[in-house]
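For reference, the structure is listed below as structure tokens.
8 protein chains.
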Amino acid sequence: DVARVDHHRALRQDQVEAVYGPGKTPEQCVLVVGELLSVPADGPVLLTRVDDAQVAAVLDAHPGGEVVAGTVVWRRASERAERVVVVTAGTADLPVADECAAVLDALGFRPRRITDAGVAGIHRILAEVDELLAADAVVVVAGMEGALASVVGGIAACPVVAVPTSVGYGAGLEGVTALLGMLASCAAGITVVGIDNGFGAAMAVARALPR
Amino acid sequence: DVARVDHHRALRQDQVEAVYGPGKTPEQCVLVVGELLSVPADGPVLLTRVDDAQVAAVLDAHPGGEVVAGTVVWRRASERAERVVVVTAGTADLPVADECAAVLDALGFRPRRITDAGVAGIHRILAEVDELLAADAVVVVAGMEGALASVVGGIAACPVVAVPTSVGYGAGLEGVTALLGMLASCAAGITVVGIDNGFGAAMAVARALPR
Amino acid sequence: DVARVDHHRALRQDQVEAVYGPGKTPEQCVLVVGELLSVPADGPVLLTRVDDAQVAAVLDAHPGGEVVAGTVVWRRASERAERVVVVTAGTADLPVADECAAVLDALGFRPRRITDAGVAGIHRILAEVDELLAADAVVVVAGMEGALASVVGGIAACPVVAVPTSVGYGAGLEGVTALLGMLASCAAGITVVGIDNGFGAAMAVARALPR
Amino acid sequence: DVARVDHHRALRQDQVEAVYGPGKTPEQCVLVVGELLSVPADGPVLLTRVDDAQVAAVLDAHPGGEVVAGTVVWRRASERAERVVVVTAGTADLPVADECAAVLDALGFRPRRITDAGVAGIHRILAEVDELLAADAVVVVAGMEGALASVVGGIAACPVVAVPTSVGYGAGLEGVTALLGMLASCAAGITVVGIDNGFGAAMAVARALPR
Amino acid sequence: DVARVDHHRALRQDQVEAVYGPGKTPEQCVLVVGELLSVPADGPVLLTRVDDAQVAAVLDAHPGGEVVAGTVVWRRASERAERVVVVTAGTADLPVADECAAVLDALGFRPRRITDAGVAGIHRILAEVDELLAADAVVVVAGMEGALASVVGGIAACPVVAVPTSVGYGAGLEGVTALLGMLASCAAGITVVGIDNGFGAAMAVARALPR
Amino acid sequence: DVARVDHHRALRQDQVEAVYGPGKTPEQCVLVVGELLSVPADGPVLLTRVDDAQVAAVLDAHPGGEVVAGTVVWRRASERAERVVVVTAGTADLPVADECAAVLDALGFRPRRITDAGVAGIHRILAEVDELLAADAVVVVAGMEGALASVVGGIAACPVVAVPTSVGYGAGLEGVTALLGMLASCAAGITVVGIDNGFGAAMAVARALPR
Amino acid sequence: DVARVDHHRALRQDQVEAVYGPGKTPEQCVLVVGELLSVPADGPVLLTRVDDAQVAAVLDAHPGGEVVAGTVVWRRASERAERVVVVTAGTADLPVADECAAVLDALGFRPRRITDAGVAGIHRILAEVDELLAADAVVVVAGMEGALASVVGGIAACPVVAVPTSVGYGAGLEGVTALLGMLASCAAGITVVGIDNGFGAAMAVARALPR
Amino acid sequence: DVARVDHHRALRQDQVEAVYGPGKTPEQCVLVVGELLSVPADGPVLLTRVDDAQVAAVLDAHPGGEVVAGTVVWRRASERAERVVVVTAGTADLPVADECAAVLDALGFRPRRITDAGVAGIHRILAEVDELLAADAVVVVAGMEGALASVVGGIAACPVVAVPTSVGYGAGLEGVTALLGMLASCAAGITVVGIDNGFGAAMAVARALPR
Ligand SMILES: Nc1ncnc2c1ncn2[C@@H]1O[C@H](COP(=O)(O)O)[C@@H](O)[C@H]1O
Ligand SMILES: Nc1ncnc2c1ncn2[C@@H]1O[C@H](COP(=O)(O)O)[C@@H](O)[C@H]1O
Ligand SMILES: Nc1ncnc2c1ncn2[C@@H]1O[C@H](COP(=O)(O)O)[C@@H](O)[C@H]1O
Ligand SMILES: Nc1ncnc2c1ncn2[C@@H]1O[C@H](COP(=O)(O)O)[C@@H](O)[C@H]1O
Ligand SMILES: [Mg+2]
Ligand SMILES: [Mg+2]
Ligand SMILES: [Mg+2]
Ligand SMILES: [Mg+2]
Ligand SMILES: [Mg+2]
Ligand SMILES: [Mg+2]
Ligand SMILES: [Mg+2]
Ligand SMILES: [Mg+2]
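Protein chains in written order, with this note's numbering: chain B, 102 to 312; chain Z, 102 to 312; chain L, 102 to 312; chain H, 102 to 312; chain C, 102 to 312; chain E, 102 to 312; chain S, 102 to 312; chain R, 102 to 312.
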């Protein structure tokens, strides 16, 4: 019965609660965040992809939020021991990786960052083999052809979550090329989230590394 | 240096080694499998999506293989304690789920199966809430609109890997509809593998549940 | 002969007449609306998706119009008894649902609204089962993966019209993902209108519930 | 609670139960059909898109089924008074329309058929205006450009369900062209089901014309 | 040899010469138009899809141009006797039809216009059957599902050139739906030009109706 | 009124009547062809894309038909004076061009053929400039990139109808590449029919060259 | 003048002449090959993608041809000194690479082969760095995500021609995924030919390495 | 070992180093360019697709850069003897061709330009046959249907690199039509880079013409 669902909610009380900002008025943001903060639990609350008006309104109504990479975080979790790595191929992938890192941080992970590791200069990711082998989870953020996910997936043994980005022009097809490449990857067992979905990748890491 | 890569191979010696059958002659299968079995390690070796001629040849050359759901398995791993659940929406998704289950089994997982749980009869998956809450990892195999992944992802807190299938006709677009739906899912943190890639989903579970 | 067509017009004199605003000058709007209001009949007249200049012009020329959700309505129909429900998955689907509700209202239906019922929190739509069972028609407005239509279609026995929305980013493909998912739905007998076409869904309800 | 769902099942006991044949073994068909026939209710039971082996097995196990247009029907409903019309554009659309008509017939509707009414010879559908004006529901089955749905939708005031078919070659794109055309139709309030889904259209009619 | 090509140029000296404005600086427009006007011939010269700066520059440099529907015309041809009809489905198709009509006019045709003849109100195009039967060529400009081309093509016996427009939203796919529908049309012998290509349609009429 | 449509039929009595063979039983072919031959008129009657069983049946029932390129022709029209040219790029385009030529022949045109004129050997089409300049209509049949239509359209001043073919592999996308290329052609006034639609191109020529 | 084109033919007399087999009758093959062999020049003549009947006919009519990888070669060129490397990612890419190697061989190149070098095991291609650095041209043949081209392009300084293959299933989209990935590659200056076009890649190498 | 990769870097020290401007802050540009200029080598350094703020910042920090066609060049190479030709179809292709020419120039090539050579006026490219025959490499930049690449590829014997551009509207599909056409080209051995990727084409020329 539905009680089971309620029970289930209880089990997950310490989980993150996230609100997607775009399309909501500042007032709606204040309301929804308020509701989530009022629940007697201690999990983090997030408002993502905010604009300036939304930030102003929610910080006024609900002090204590910290703003990182377009994400407002309340009740940031204390540090956890697992090693999470966020890898990016190029400069243009950084905003998506930053959102991912901000959400990971809110969840208690303090992700290490490997940047500018595109496969056309393969020595760059090879220099990070030790880091990848030691990781408990890796997020690979890459646009264009998305090949970095295959290379990383072939090195790391842990969960590898690939995030295609809409970076690039022409044949990158706004992320579809990277998405398809990651899905068709010959590296067994890597998984994929939606285009530019840094948030989703962070949440996938949280699922893979339960407390 | 590349020694690091070799070192890395050592670290992963107990991993599964899988050969993709289609497009290989029986002789090629015998050769590659033989090479993998000759390595002094004890991880399982798999030959997937085999046809009859391939099976005959490899079992003759390398006795001891077991055939399940189109997969030949040597050195099947001993049972592990984690609870893995494989959920399917309809009858037509079963072959993909069976491949996934066979690979999981080779890896030591003894997956539980939930079948015929399409969301158009929502009580069917609701009857399995306890099973989903107790799981350490869930694989959702679904074609058509792929909505089952969103519902399961909203219930289970553990890693949820979604496998779109090419089942169905017309607007199912041979799995593309399910794939897109799973990627665009509103359930945070579920991840997706390629169309019909039951093997990949099993390997993703193995990454998420290291020994 | 074509007289049959004229006869047919007579039969439908009490129907809604709707003008699509975008791409028309305020003057064109005034003209077309004037023509429709001049016909000796009492059905409602609508001007949809208006901008400010169009509203100003038509209300000046044709007083008595009411503006709701970007729709100007003249000769709003008196209340009807049938129960129509408009369900939305997320905040971002509201504008499309609002247009749908405004047109339904003009037609005499006073639709009930169920909001924020996305399937990733399945208890939300389950809490509305009685409402859905009692409905004479349901409109489901959803973007992203559009799975809500399948779940609602499996509960309600009445006509269910699904409206995919262009809400979301990346793999939502501006509504195409939701559209495909709704068309491929495993819930038998649900039907679909074009992306963001809240107006069309309201008109489909009117066809299904003749006076 | 889920009891509500069960209650809901009770409410719908007289509904059709349909099993999709393709991909099921004859044994699976016998089993599922048997289960559905064993429920103490009097609604029709259907097995659709059957092949010869499936027909032989199910008729042997469950005598009394009638086979029409690839559909096996048990407990065919008694005749209902509503007028349902199934219109087709060309010869090649007939199989889809036949499946639709067979399902409608199982539900108690005795659909009238209008055939060869493609819009390139517009006098053909104009000759049927009286029939369309008198209808309680119309199903339009058309491939290629699918324009027939727009014309019929502009004439009939009742529910119009459009079924795109995969008929034709080249630019018909296996039904996608007709599907898009029907969704983008300028005839307000027509709705669409998936490509070749004659079954779904019949079920949509059943929703629109409750007993 | 290439002399044959030159000879060919001679044969075509009275043809229209057209310059596509977008992407050219006003200076480039002045130059190219000047070159074309300097050729000792009497065919019309056109500059299409101009912006204000381009218009100002070319009229200043080359007086005598007339501006209609975003097209500047020099040496407009004297009136010809053939009957050309330009049909549009909705208000939003007018800009494309206007460009087509402006080019036809420059070529000496004085096209008749039939507007607001979308097929959802089939009596509207039926009222113009005599006009269509008397035509020497018809251009059909339509967006959304583009069905008007099939209906007109089934009535008129002369060349029918269909122009899909990018009008509409959602499932219209910026003209692709209309394009596909026109190509897949069941009306034999109608032909199609690119999306929004009113200019191309006018040129096709000129080819079909040589002096 | 609809009488106008009938009148219109009278006007077009000498037109070709064509039946599309695929998907029709031999009996249906016999019936439809018989009906068309029974009309007291003298226009040609065609049955296209026939298989052997259909040919046997219709020639038995309706003697006097001639079979060319998969098309059965009754009442072939007497020769006309206009020069029609059918150009092909490669060997693989021949079947589509043959169907086109057969239909043209049935209509009284005795088309000239230019073959193997792909643009990668541009001297091949240049050798035919005189033929193209003298033509009253040209049909260009080409697969792969379809560039031949642009080159021919730049040489010939008469109507040029382009037929994309599904010839080729990989990036030819079964005719879509050629189709798009022809629609986007920089040669003004060329028009396009559906992929592989040689019949449609012949009918377009008939429209452009009325008796 | 066209003489220049003829002159040009003279300049290229020593080039390969290739006939594409599929869609040609054995007789057509004999004829075209005969014509090419009769030209007083010494360049190789190729008939590609042949079936058994074609092989029998052409070898009978034109003795001296050698058959390799579905290609018949006459007048194979003597060995050249340049180092050309053909790299493949997986077993399934071999047929395309074999065609490429056969054409290269006919042209006088004796290509070295690197196989099974997919990027998910990055040490495999790293073991070949010296070979890649010493190459005068590299062809990379890869399906699935096509990432190998980016890695090779980042190592080798010479011309790198990428050939996407239709190998794989699901999200590989029959080569489109690899094609897009190669086009969007972050390795500067690599170029791409059509899906499965091993022949084209060999010809591109011939252009890059003139005698 | 990875030392081989380092060795490889040494071999390529005189190569161009290019930074892609879009998405980088002026500060990031200054930093990366500075790093590249600090390497004790004499190859050119490029910053491409710059905006005004980026130009101001980098020229201030690193004097001596020259700005051409949106590209800043430091350490421009001295002139080389090879003949490289850049051909464009229309005015709108010029920006992409200009970027290509600027990069070629930085590399020491002084490319010749052929402009306005679209195939609809085939005499225009024929007038340049001598230039094409004398070339060591040709870049063809074309939008719309991209046919120019096939014609040029059939004339020139040297490497031909095709660049599809996103020029045009409607059926040009923002470069996809030209891209597909170039890939499917019947001219053997031409290769393709991504849409609008003038930079990539120049780099491909550099690979084909090593010092
Ligand atoms: N059934 C399967 N589905 C998807 N990928 C597979 C499957 N079986 C094996 N693979 C992958 O394919 C690779 C082997 O390809 P190959 O070297 O051609 O045998 C392995 O590394 C696996 O990652
Ligand atoms: N011919 C058909 N076309 C489309 N859907 C069908 C058809 N027959 C049955 N179905 C649907 O498929 C579901 C049964 O699927 P299954 O459980 O696999 O038999 C039913 O709930 C129906 O909604
Ligand atoms: N080979 C063909 N290719 C395309 N359309 C055809 C062909 N043959 C006949 N048609 C069209 O198909 C229509 C006949 O369809 P049907 O009524 O099914 O025989 C005719 O009106 C023709 O316009
Ligand atoms: N195996 C192949 N793959 C791709 N293109 C080929 C192949 N063999 C020949 N061709 C091309 O096809 C053209 C010959 O086509 P055809 O005239 O039909 O024989 C030649 O000019 C080659 O460029
Ligand atoms: Mg870099
Ligand atoms: Mg079922
Ligand atoms: Mg929510
Ligand atoms: Mg017919
Ligand atoms: Mg209107
Ligand atoms: Mg040839
Ligand atoms: Mg392998
Ligand atoms: Mg020009």
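The C-beta atom is built at its ideal place from N, Cα and C for all residues, glycine as well.
Bear in mind the structure is a predicted one, so any value in this text is a computation, not a measurement.
Candidates the options: closest to residue i by CA position
i              : options                           : result
G126 (chain E) : E:V151, E:P141, E:R213 and E:A119 : It should be noted that the sequence gives Thr, not Gly, for residue 126 (chain E). Residue E:V151 is the option with its Cα nearest to T126 (chain E).
E200 (chain B) : B:I256, B:G171, B:P145 and B:A238 : B:G171
A203 (chain S) : S:H224, S:V240 and S:G222         : S:V240
A235 (chain S) : S:V261, S:L195, S:S286 and S:V156 : S:V261
S179 (chain C) : C:L160, C:V169 and C:D143         : C:D143
V117 (chain L) : L:L205, L:D194 and L:G135         : L:L205
E229 (chain Z) : Z:L280, Z:V188, Z:L138 and Z:V173 : Z:V188
G276 (chain Z) : Z:V120, Z:G222 and Z:V197         : Z:V197
Where residue i falls: helix, strand or coil (DSSP)
i              : result
E118 (chain B) : strand
G295 (chain Z) : coil
A162 (chain E) : helix
A236 (chain E) : coil
A258 (chain R) : coil
E167 (chain H) : strand
T149 (chain E) : strand
A243 (chain R) : strand
P196 (chain R) : helix
Cα-Cα separation, residue i to residue j
i              : j              : result
L274 (chain C) : G209 (chain H) : 39 Å
D161 (chain S) : P212 (chain E) : 36 Å
D153 (chain S) : G282 (chain S) : 35 Å
V186 (chain H) : I215 (chain H) : 7 Å
R184 (chain Z) : A307 (chain Z) : 12 Å
Cβ distance (whole Å) where residue i is taken to contact residue j below 8 Å
i              : j              : result
V146 (chain S) : R176 (chain S) : 6 Å
A207 (chain S) : V174 (chain S) : 4 Å
L280 (chain R) : P265 (chain R) : 4 Å
D194 (chain H) : A238 (chain H) : The pair is not a contact, with the Cβ atoms about 18 Å apart (cut-off 8 Å).
Members of the stretch 120 to 137 of chain C that neighbour chain R once the beta carbon cut-off is set at 7 Å = Contacts with chain R (Cβ-Cβ distance below 7 Å) from the stretch 120 to 137 of chain C involve G124, K125 and Q129, listed in chain order.
The stretch 248 to 264 of chain H: which residues have C-beta closer than 9 Å to a C-beta of chain C, in chain order?
-> Taking 9 Å as the cut-off between beta carbons, the residues of the stretch 248 to 264 of chain H near chain C are A248, L249, A250, S251, V252, G254, G255 and I256, in sequence order.
For the stretch 179 to 210 of chain B, which residues have a CB atom closer than 7 Å to at least one CB atom of chain R, in sequence order?
-> So the close ones are T192 and A193.
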